[in-house]
Amino acid sequence: MRNPVKEQAIDYLNAGLSVLPANPQLKFAALSQWKQFQRRLPTETEVQTWFNNGQTGMCLVTGAVSGNLEMIDFDLQAELFEAWCLRVKQADPDLLPRVVIETSQSGGRHVVYRCQSEICGNLKLAQRKIFLPSGEEAVIGGKTYKPHRDKDGKLHIILTLIETRGQGGLFLCAPTPGYELVQGDLANIPVITAPQRELLLEAAWSLNEVIPEPADAPACPSDTLRPGDDYNARGDVRALLQSHGWTCVKGGDNEYWRR
């Protein structure tokens, strides 16, 4: 009997992708020892075994093992997807039609591509801070958020609207139920240049609404001099200049030296 899910998994494997069975409810790999496939592709026998028992959930491991595969994930009903597309089109009208795009089971979007150069780990690209009236947990888009206090004592949560799946990551993909390709083919993912990847990421960063709070600088003991003051108190800049061939040609409050 024909098994289209298994056939698709084999196609992904033949395209050089680390394809694994997935749990659609947990949105994660359905293997306890899946991390070995961050370093190696599964064998065809392994893939056939995984998808011979009616398994319908499927995911791809991102990063070097899959040919520098990266995915940009647009969450919360893909709220920022159209704004991101507009920015990409303005910068490079030919780039967006090349990438693979699919919808996710939560109404989000996945933008998928390979890069000519190495990619980094997962990145949070665009976030939003929402203030809350109380410390109760908030449920937004099916996710539960625990409030935190900022430096002013205000309760807030941080929503991530755009992020990547990069080196060491994974993502569920079509033909998993709830995931549907709307552009391109995951068995034929385009390879883009490092500058083109940077363009895609910068378009997402431009939509970020959260500026991280500055970290407190470590307190300097009251009896400790700053490096410049310490050098002025103990160092001899004239002797240092002379040792490197400089000569004082004019004295006074503002000295002139030449070499």
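Under the working numbering, the first residue of the sequence shown carries the number 1261, and numbering increases by one thereafter.
Yeah, the Cβ is synthetic: ideal placement off N, Cα and C, and Gly gets one too.
All values reported here derive from a predicted model rather than from experimental measurement.
Judged by their CB atoms, M1318 and A1282 are nearer to each other than the 7 Å cut-off.
Using a Cβ distance threshold of 7 Å, E1339 and K1384 do not count as a contacting pair. The DSSP-derived three-state label of F1311 is coil. Following the DSSP letters along the chain, one finds D1271 inside the alpha helix (DSSP H) bounded by residues P1264 to N1274.
Taking 7 Å as the cut-off, the Cβ atoms of G1327 and G1381 do not count as close. Going by C-alpha positions, G1367 is about 14 Å away from T1436. For R1374, the closest of W1465, I1270, D1352 and G1276 by C-alpha to C-alpha distance is G1276. Going by DSSP, K1403 is part of the beta strand (DSSP E) stretching over K1403 to Y1405. Taking a cut-off of 8 Å on C-beta distances, the segment 1448-1459 touches the segment 1340-1360, as three or more cross pairs fall below it.
In the displayed model, A1447 falls within coil according to three-state DSSP, outside both helix and strand.
A Cβ-Cβ contact shorter than 7 Å links G1438 with Q1365. The DSSP assignment places 1341-1351 as complete runs of the alpha helix (DSSP H) inside the segment 1306-1356, in order along the chain (cut-off: 4 residues). Within the model, the alpha-carbon separation for E1304 versus Q1285 is close to 26 Å.
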